[in-house]
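Trainee:
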Amino acid sequence: MKYLSTRDDSLSRSFNDILYQGLSRDGGLYLPQSWPKIDLLSLKNKSYEEVACEIIFPYVNENIEKLELQKILNETYANFTHEKIAALVELENNKFLLELIYGPTYAFKDYALQFLGNLFSTSLEMSPKKITVLGATSGDTGSAAIHSFKSKKDINVFILHPHNKVSPIQQKQMTTVIDKNIFNIAVEGNFDDCQKIVKELFVDDEIQESTSLTAVNSINWARLIAQVVYYFWSYLQTDKQQINFIVPSGNFGNIFSAFVAKQMGLPIGHLHIATNSNDILKSIVDTGEMKKKSVFQTYSPSMDIQVSSNFERQIFESLNRDSKRVNEVFESFSSKGFYQFDDSVLAKFQQIYKASSIDDSQTLETIKFVYEKYNYIADPHTATGLKVLLDKKDDEAWVSLVCAHPAKFDKAVNKAINKEIEIPKELSNLFDKEEKMTILPNSTMDVKNFILEKISNA
Ligand SMILES: *Cc1c(COP(=O)(O)O)cnc(C)c1O
2 MKYLSTRDDS LSRSFNDILY QGLSRDGGLY LPQSWPKIDL LSLKNKSYEE
52 VACEIIFPYV NENIEKLELQ KILNETYANF THEKIAALVE LENNKFLLEL
102 IYGPTYAFKD YALQFLGNLF STSLEMSPKK ITVLGATSGD TGSAAIHSFK
152 SKKDINVFIL HPHNKVSPIQ QKQMTTVIDK NIFNIAVEGN FDDCQKIVKE
202 LFVDDEIQES TSLTAVNSIN WARLIAQVVY YFWSYLQTDK QQINFIVPSG
252 NFGNIFSAFV AKQMGLPIGH LHIATNSNDI LKSIVDTGEM KKKSVFQTYS
302 PSMDIQVSSN FERQIFESLN RDSKRVNEVF ESFSSKGFYQ FDDSVLAKFQ
352 QIYKASSIDD SQTLETIKFV YEKYNYIADP HTATGLKVLL DKKDDEAWVS
402 LVCAHPAKFD KAVNKAINKE IEIPKELSNL FDKEEKMTIL PNSTMDVKNF
452 ILEKISNA
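Numbering (my numbering), first residue to last: 2 to 459.
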């Protein structure tokens, strides 16, 4: 399998080339040149790790042996705390939850980032070099990445998060990892600012010359393919002909993985995007208008995003994989601050996607309702999806994703259900630990200088 870029469809790169690079030099995102098809029957009675191997292998076949991949996957999920790895829970007839909270940092990001860490280690053993992981986080990616890379040789990790805009547990999960190779940077800005800095550094020649920069945010292709697995997995746990998913969305990574699953042959009807008040995805899907909007802080900080990077991949797909048109879209968008997709493209979005925006008060009401009716405690991100799920008719199967453990967002959850929820010991212990982080202004130059200084000392 070779890879092209959303901004250059003539590109032909190997998986190893794109594994470390994240963003393409032309500013685009990588995608496979074609979609491999999966025979659903071949997945029957396989374990999570085996299903993962079948799904991921076609994307890495040029660089990794199948047995090696299986070994990486077995290691990756060995410490997950549920025997099913990802657990499907039936709430009511045709209404399901897919729990993705059994990794080390209690959010779905672990399913991909634990894999990425092991993938990097294996590949660095084969061809040794030093790499610098750089990422922006709205909370969960950062902690999942840090927990994946903390003990790894030859990897330095710089994670930017918006200062004081992640939950206290999310912050502690990152900053209490004091290993020498881990650097937490709190940026005085919001998540979109952090993401912008990271994007600028990836096309910065000076920094690229001093180190091998590596992306681990959800634009990284290897992460997306690891997430494709649990969509197949949840389908295999049911007896349905066709299935639909509701995905609480921010950067459009998780739901794009569902789209990939559909391209690979998983019988998905619709994908329903749930957002909080940061509703740019809803505007695009409802009206075709993509417009710069400012970011609100909500109870679901990992979705406080108005520039959903991975949506560029969907644009590329919906423009018939024509990178010339993608370039036109983004040139117009960055000069005018908005872009209007025409009706034929809008129709293509709507063939697959529906979208809802759920505000903070609806989020809390849903947490309360689900707790009282089903005795289930949902975190605020999950609750945006549950609101959509509860409103669905039961004539079709819908699966809504459980994105994080409620204890990570206990303030909002306690408020919703009017009592204190139990916090797992691993999380409450964080508050007794020493923290390590550096606060920097919202400036690409400052972040760049900080990184250059640290890696020259390492
Ligand atoms: C990352 C995250 C999301 C949003 O996922 P995207 O892939 O960015 O769309 C939602 N909920 C939680 C808890 C997350 O960590």
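Just so you know, even glycine gets a beta-carbon here, dropped at the ideal spot from N, CA and C.
Would you list, in sequence order, the uninterrupted beta strand (DSSP E) runs of no fewer than 3 residues that lie entirely inside the region 354 to 401?
Mentor: Listed in chain order, the complete beta strand (DSSP E) runs (minimum 3 residues) inside the region 354 to 401 are 354 to 358.
Trainee: Please list the segments of the beta strand (DSSP E) lying wholly inside the region 309 to 338, counting only runs of 3 or more residues, in order along the chain.
Mentor: Runs of the beta strand (DSSP E) inside the region 309 to 338: none found.
Trainee: Of the residues Cys-404, Ser-362, Leu-12, Thr-212, which one's Cα is nearest the Cα of Ile-418?
Mentor: Ser-362
Trainee: Would you call the region 169 to 181 in contact with the region 224 to 233, where contact means no fewer than 3 C-beta pairs closer than 8 Å?
Mentor: Verdict: no, contact absent.
Trainee: Got a sec, what are the start and stop residues for the alpha helix (DSSP H) Tyr-1 sits in?
Mentor: Residue 1 is absent from the model: the chain starts at 2 and stops at 459.
Trainee: Which residue or residues does DSSP assign as beta-bridge partners of Glu-469?
Mentor: No information on residue 469 is available, as it lies outside the stretch 2 to 459 that the chain covers here.
Trainee: Cβ-heavy atom distance between Met-304 and ligand 1 below 7 Å?
Mentor: With a cut-off of 7 Å, the C-beta of Met-304 is classified as near ligand 1, since at least one heavy atom of the ligand falls inside that distance.
Trainee: Going straight from the alpha carbon of Arg-322 to that of Gln-341, what length do you get?
Mentor: Each residue's Cα considered, the two are about 18 Å apart.
Trainee: Does the pairing of the region 385 to 394 with the region 262 to 277 give three or more beta-carbon distances under 8 Å?
Mentor: Enough Cβ pairs lie closer than 8 Å, so yes.
Trainee: So, does the CB of Gln-363 fall closer than 8 Å to a CB anywhere in chain B?
Mentor: Looking at the structure shown, chain B is missing, and only one protein chain is on hand.
Trainee: Any heavy atom of ligand 1 closer than 7 Å to the CB of Ile-156?
Mentor: no
Trainee: Three-state secondary structure (DSSP) at Pro-302?
Mentor: Three-state DSSP puts Pro-302 in a helix.
Trainee: For the region 233 to 245 against the region 209 to 222, are there 3 or more C-beta pairs whose distance is under 8 Å?
Mentor: By the C-beta criterion, the region 233 to 245 is judged not to be in contact with the region 209 to 222, since fewer than 3 inter-stretch pairs fall below 8 Å.
Trainee: In angstroms, rounded to a whole number, what distance separates the CA positions of Glu-421 and His-406?
Mentor: For the pair Glu-421 and His-406, the Cα-to-Cα distance works out to about 14 Å.
Trainee: Does the beta-carbon of His-382, which I'm using as the reference point, lie nearer than 7 Å to any heavy atom of ligand 1?
Mentor: yes
Trainee: Under a three-way DSSP split, which group does Asn-252 fall into?
Mentor: Of the three classes helix, strand and coil, the one that applies to Asn-252 here is coil, per DSSP.
Trainee: Beta carbon of Thr-82: closer than 7 Å to some heavy atom of ligand 1?
Mentor: no
Trainee: Looking at the unbroken alpha helix (DSSP H) that takes in Phe-192, where does it start and where does it end?
Mentor: 192 to 203
Trainee: If you draw a straight line from the C-alpha of Lys-434 to the C-alpha of Val-178, how long is it?
Mentor: 9 Å
Trainee: If you draw a straight line from the C-alpha of Glu-84 to the C-alpha of Pro-249, how long is it?
Mentor: Using only the alpha carbons, I get a separation of about 24 Å.
Trainee: Return helix, strand or coil for Phe-350, following the three-state DSSP convention.
Mentor: Here Phe-350 sits in helix by DSSP.
Trainee: Applying the criterion that 16 or more other CB atoms from any shown protein chain within 10 Å of the CB defines a buried residue, is Ala-500 buried or exposed?
Mentor: Look at the range of the chain in this structure, 2 to 459, and you will see that residue 500 is not part of it.
Trainee: Report yes if the C-beta of Asn-252 is less than 7 Å from at least one heavy atom of ligand 1; otherwise report no.
Mentor: yes
Trainee: Taking the C-alpha atoms as reference points, what is the distance between Asn-182 and Val-204?
Mentor: For Asn-182 and Val-204, the distance between alpha carbons rounds to 23 Å.
Trainee: Please determine if the region 392 to 401 and the region 101 to 109 are in contact, where contact requires at least 3 C-beta pairs separated by less than 8 Å.
Mentor: No: the two stretches stay apart, fewer than three of their Cβ pairs being nearer than 8 Å.
Trainee: According to DSSP, simplified to helix, strand and coil, what is Pro-169?
Mentor: The DSSP-derived three-state label of Pro-169 is helix.
Trainee: Helix, strand or coil, according to DSSP, for Ile-86 in the structure here?
Mentor: The answer is coil: DSSP assigns Ile-86 none of H, G, I, E or B.
Trainee: Taking just the CA atoms, how far does Ala-137 sit from Ser-144?
Mentor: 11 Å
Trainee: Can you tell me which of Ile-86, Val-167, Cys-195 puts its alpha carbon nearest to the alpha carbon of Leu-135?
Mentor: The residue with the shortest Cα to Cα distance from Leu-135 is Cys-195.
Trainee: Could you tell me the boundaries of the beta strand (DSSP E) in which Val-134 lies?
Mentor: Annotation for Val-134: the continuous beta strand (DSSP E) segment containing it runs 132 to 137.
Trainee: Is it true that the region 42 to 51 meets the region 8 to 27, where meeting means three or more beta-carbon pairs spaced less than 8 Å apart?
Mentor: No, the region 42 to 51 does not touch the region 8 to 27.
Trainee: Take Val-448 as the anchor and find which of Ala-187, Phe-81, Tyr-112, Asp-10 has the nearest alpha-carbon.
Mentor: Ala-187
Trainee: Does DSSP classify Asn-245 as helix, strand or coil?
Mentor: Strand, per DSSP.
Trainee: Is it buried or exposed, Ile-440, if we count other Cβ atoms within 10 angstroms and call 16 or more buried?
Mentor: exposed
Trainee: What first and last residue would you give for the beta strand (DSSP E) that runs through Asn-64?
Mentor: Looking at the DSSP string, Asn-64 is not in any beta strand (DSSP E), and its letter there is neither H nor E.
Trainee: For Ser-309 and Asn-252, what's the separation of their Cα atoms in angstroms?
Mentor: 4 Å
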